[in-house]
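Chemist: The working numbering puts the first residue of the sequence shown at 101, with every later residue one more than the last.
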Amino acid sequence: MSEQVSKLPLPKKQLKNKKPFSDTRKLLKIPERPGVYAIWKNEDLLYVGMAGRGWDYQTSKRGNGNLRSRLQNHAKARRNNILAYYLIENYVGRKISKNQWEEFKDPSKNKTLQSEVQKYINTYLSYSYAVSEIKGKNPRRYSGGVAAEWEKQLIAGVLDGIQPEFNIK
(Lines of atoms letter the chains of each structure in order from A and count residues from 1; the text may use other names and numbers.)
(Lines give C-alpha, C1' and ligand atoms only; values in the text may rest on other atoms or scores of the structure.)
Protein backbone atom coordinates (compact mmCIF):
# COMPACT_ATOMS: atom_id res chain seq x y z
CA MET A 1 0.00 0.00 0.00
CA SER A 2 1.39 3.37 -0.91
CA GLU A 3 2.38 6.02 1.60
CA GLN A 4 -0.45 8.23 0.30
CA VAL A 5 -3.12 5.56 0.88
CA SER A 6 -2.16 4.86 4.49
CA LYS A 7 -2.20 8.56 5.48
CA LEU A 8 -5.84 9.22 4.63
CA PRO A 9 -7.86 9.40 7.87
CA LEU A 10 -11.10 7.50 8.29
CA PRO A 11 -13.96 9.93 7.45
CA LYS A 12 -15.86 9.38 10.71
CA LYS A 13 -18.39 12.18 10.19
CA GLN A 14 -19.55 10.70 6.87
CA LEU A 15 -19.73 7.23 8.36
CA LYS A 16 -22.00 8.46 11.16
CA ASN A 17 -24.40 10.09 8.66
CA LYS A 18 -26.98 7.30 8.47
CA LYS A 19 -29.61 7.01 5.76
CA PRO A 20 -32.54 4.59 5.92
CA PHE A 21 -32.66 1.78 3.37
CA SER A 22 -36.35 2.56 2.99
CA ASP A 23 -35.47 5.78 1.13
CA THR A 24 -34.77 4.29 -2.28
CA ARG A 25 -34.19 7.74 -3.82
CA LYS A 26 -31.09 8.14 -1.66
CA LEU A 27 -29.80 4.72 -2.72
CA LEU A 28 -29.92 5.92 -6.33
CA LYS A 29 -27.80 8.96 -5.47
CA ILE A 30 -24.90 7.00 -3.99
CA PRO A 31 -21.79 7.56 -6.13
CA GLU A 32 -20.55 4.79 -8.39
CA ARG A 33 -17.12 5.07 -6.83
CA PRO A 34 -14.95 3.02 -4.50
CA GLY A 35 -15.35 3.52 -0.79
CA VAL A 36 -16.35 2.04 2.50
CA TYR A 37 -19.80 1.59 4.01
CA ALA A 38 -21.43 0.71 7.30
CA ILE A 39 -24.80 -0.91 7.93
CA TRP A 40 -26.59 -0.01 11.15
CA LYS A 41 -29.50 -1.16 13.26
CA ASN A 42 -30.21 1.93 15.34
CA GLU A 43 -26.86 2.66 17.03
CA ASP A 44 -25.53 -0.86 16.56
CA LEU A 45 -22.99 -1.35 13.79
CA LEU A 46 -23.96 -4.63 12.14
CA TYR A 47 -21.71 -4.87 9.10
CA VAL A 48 -19.02 -2.98 7.20
CA GLY A 49 -17.79 -3.45 3.69
CA MET A 50 -15.80 -1.86 0.94
CA ALA A 51 -16.29 -1.40 -2.75
CA GLY A 52 -13.81 -0.77 -5.50
CA ARG A 53 -11.27 -3.55 -5.28
CA GLY A 54 -9.17 -3.04 -8.38
CA TRP A 55 -9.58 0.72 -8.63
CA ASP A 56 -6.18 2.28 -9.01
CA TYR A 57 -5.72 5.80 -7.67
CA GLN A 58 -2.86 6.54 -10.04
CA THR A 59 -4.62 5.59 -13.25
CA SER A 60 -8.26 6.01 -12.15
CA LYS A 61 -8.84 2.53 -13.56
CA ARG A 62 -12.31 1.31 -12.75
CA GLY A 63 -12.31 -1.87 -10.75
CA ASN A 64 -14.94 -4.30 -9.57
CA GLY A 65 -17.87 -2.93 -7.66
CA ASN A 66 -18.82 0.48 -6.40
CA LEU A 67 -20.67 1.86 -3.40
CA ARG A 68 -24.04 2.19 -5.12
CA SER A 69 -24.08 -1.38 -6.48
CA ARG A 70 -22.87 -2.86 -3.18
CA LEU A 71 -25.52 -1.12 -1.07
CA GLN A 72 -28.27 -1.82 -3.62
CA ASN A 73 -27.29 -5.50 -3.58
CA HIS A 74 -27.54 -5.58 0.21
CA ALA A 75 -31.00 -3.98 -0.01
CA LYS A 76 -32.15 -6.70 -2.45
CA ALA A 77 -31.28 -9.39 0.15
CA ARG A 78 -30.46 -12.08 -2.37
CA ARG A 79 -29.55 -15.52 -1.04
CA ASN A 80 -25.88 -15.17 -1.99
CA ASN A 81 -25.55 -11.91 -0.08
CA ILE A 82 -23.59 -12.37 3.13
CA LEU A 83 -25.54 -9.66 4.96
CA ALA A 84 -28.84 -11.38 4.08
CA TYR A 85 -27.39 -14.62 5.47
CA TYR A 86 -26.42 -12.94 8.74
CA LEU A 87 -29.85 -11.31 9.04
CA ILE A 88 -31.65 -14.61 8.43
CA GLU A 89 -29.47 -16.43 10.92
CA ASN A 90 -29.60 -13.81 13.68
CA TYR A 91 -32.82 -11.83 13.26
CA VAL A 92 -35.35 -12.65 10.55
CA GLY A 93 -35.16 -16.44 10.56
CA ARG A 94 -35.65 -16.62 14.31
CA LYS A 95 -39.01 -14.83 14.12
CA ILE A 96 -40.59 -16.73 11.24
CA SER A 97 -43.41 -19.01 12.31
CA LYS A 98 -44.12 -22.47 10.94
CA ASN A 99 -47.12 -21.02 9.08
CA GLN A 100 -44.94 -18.39 7.42
CA TRP A 101 -42.49 -21.07 6.27
CA GLU A 102 -45.45 -22.87 4.68
CA GLU A 103 -46.55 -19.64 2.96
CA PHE A 104 -43.11 -19.36 1.38
CA LYS A 105 -43.79 -22.66 -0.41
CA ASP A 106 -47.07 -21.38 -1.88
CA PRO A 107 -46.39 -19.32 -5.04
CA SER A 108 -49.87 -17.79 -4.93
CA LYS A 109 -48.99 -16.05 -1.62
CA ASN A 110 -46.17 -14.11 -3.28
CA LYS A 111 -44.15 -14.30 -0.04
CA THR A 112 -40.56 -15.41 0.15
CA LEU A 113 -37.78 -15.46 2.67
CA GLN A 114 -36.08 -12.83 0.52
CA SER A 115 -39.10 -10.52 0.76
CA GLU A 116 -39.11 -10.92 4.55
CA VAL A 117 -35.43 -9.98 4.73
CA GLN A 118 -36.02 -7.01 2.42
CA LYS A 119 -38.85 -5.87 4.67
CA TYR A 120 -36.58 -6.17 7.70
CA ILE A 121 -33.84 -4.15 6.00
CA ASN A 122 -36.28 -1.41 4.98
CA THR A 123 -37.86 -1.28 8.42
CA TYR A 124 -34.87 -1.51 10.75
CA LEU A 125 -31.60 -0.84 8.94
CA SER A 126 -29.72 2.20 7.73
CA TYR A 127 -26.40 2.70 6.00
CA SER A 128 -23.62 5.24 5.78
CA TYR A 129 -20.71 5.50 3.40
CA ALA A 130 -17.61 7.42 2.43
CA VAL A 131 -16.09 7.69 -1.04
CA SER A 132 -12.36 6.96 -1.05
CA GLU A 133 -11.30 9.99 -3.02
CA ILE A 134 -7.75 11.21 -2.86
CA LYS A 135 -8.31 14.94 -2.46
CA GLY A 136 -6.10 17.60 -3.96
CA LYS A 137 -5.61 15.70 -7.20
CA ASN A 138 -6.74 17.00 -10.55
CA PRO A 139 -8.34 15.07 -12.09
CA ARG A 140 -9.95 13.39 -9.12
CA ARG A 141 -8.54 10.04 -8.13
CA TYR A 142 -10.31 7.20 -6.34
CA SER A 143 -8.72 4.28 -4.59
CA GLY A 144 -9.83 0.77 -3.74
CA GLY A 145 -6.71 0.57 -1.58
CA VAL A 146 -7.95 3.43 0.57
CA ALA A 147 -11.36 1.74 0.85
CA ALA A 148 -9.71 -1.52 1.96
CA GLU A 149 -7.66 0.33 4.59
CA TRP A 150 -10.76 2.12 5.90
CA GLU A 151 -12.64 -1.18 6.08
CA LYS A 152 -9.85 -2.64 8.24
CA GLN A 153 -10.07 0.39 10.52
CA LEU A 154 -13.85 0.02 10.87
CA ILE A 155 -13.53 -3.67 11.71
CA ALA A 156 -10.87 -2.80 14.29
CA GLY A 157 -13.26 -0.35 16.00
CA VAL A 158 -11.67 2.96 15.00
CA LEU A 159 -15.15 4.49 14.70
CA ASP A 160 -15.69 5.41 18.37
CA GLY A 161 -14.66 1.96 19.56
CA ILE A 162 -17.62 0.30 17.81
CA GLN A 163 -16.92 -2.98 16.07
CA PRO A 164 -19.35 -4.59 13.63
CA GLU A 165 -21.44 -7.43 14.95
CA PHE A 166 -21.09 -9.68 11.91
CA ASN A 167 -17.79 -9.32 10.10
CA ILE A 168 -15.11 -9.36 12.73
CA LYS A 169 -12.00 -10.69 11.01
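Ideal Cβ positions, reconstructed from N, Cα and C, are used throughout, including at glycine.
So the alpha helix (DSSP H) A177 belongs to, where does it begin and stop?
Modeler: By one-based count along the sequence shown, residue 177 stands at place 77. Note, A177: premise wrong, no alpha helix (DSSP H); not H, not E.
Chemist: Could you spell out where the alpha helix (DSSP H) holding L127 opens and where it closes?
Modeler: Your numbering for residue 127 matches position 27 in the sequence shown. Per DSSP, L127 belongs to the alpha helix (DSSP H) from T124 to L128.
Chemist: Quickly, what does DSSP pair V231 with across the bridge? List them, please.
Modeler: As a working note, residue 231 is residue 131 in the sequence shown. Bridge partners of V231: G135.
Chemist: Just how far apart, CA to CA, sit Y277 and S226?
Modeler: As displayed, the chain neither begins before 101 nor continues past 269, which places residue 277 out of reach and without an answer.
Chemist: Return the CA-CA distance between I234 and P111, expressed in angstroms with no decimal places.
Modeler: Walking along the sequence shown from the start, residue 234 turns up at place 134. Walking along the sequence shown from the start, residue 111 turns up at place 11. Their Cα atoms are separated by approximately 12 angstroms.
Chemist: Counting along the chain, where does the beta strand (DSSP E) carrying L146 start and finish?
Modeler: As a first step, residue 146 must be located in the sequence shown, where it is residue number 46. Residues D144 to A151.
Chemist: How do the segment 163-179 and the segment 254-264 stand: do at least 3 beta-carbon pairs fall below 8 angstroms, yes or no?
Modeler: Not touching, per the Cβ criterion.
Chemist: Given this structure, state the Cα-to-Cα distance separating Q114 from A230, to the nearest angstrom.
Modeler: Locating residue 114 in the sequence shown gives position 14, where the first residue counts as 1. Locating residue 230 in the sequence shown gives position 130, where the first residue counts as 1. Their backbone Cα atoms lie some 6 angstroms apart in a straight line.
Chemist: Which residues in the same chain have their Cβ closer than 6 angstroms to the Cβ of R168, if we skip the five residues on either side of it in sequence?
Modeler: On the sequence shown, position 68 is the one that residue 168 refers to. Only I130 and E132 meet the Cβ criterion.
Chemist: Can you tell me the Cβ-Cβ gap for R178 and Q214, rounded? I've got them flagged as a contact below 8 angstroms.
Modeler: As a working mapping, residue 178 is identified with position 78 in the sequence shown. As a working mapping, residue 214 is identified with position 114 in the sequence shown. That pair is a contact at about 7 angstroms.
Chemist: For the alpha helix (DSSP H) that contains E202, what are its first and last residues?
Modeler: As a first step, residue 202 must be located in the sequence shown, where it is residue number 102. That run of the alpha helix (DSSP H) goes K198 to K205.
Chemist: Starting from S215, follow the alpha helix (DSSP H) in both directions and report where the run begins and ends.
Modeler: Here the question's residue 215 lines up with position 115 in the sequence shown. Note, S215: alpha helix (DSSP H), L213 to Y224.
Chemist: Just the Cα atoms here: how many angstroms apart are D144 and L128?
Modeler: Counting from one through the sequence shown, the residue named residue 144 turns up at place 44. Counting from one through the sequence shown, the residue named residue 128 turns up at place 28. Using only the alpha carbons, I get a separation of about 24 angstroms.
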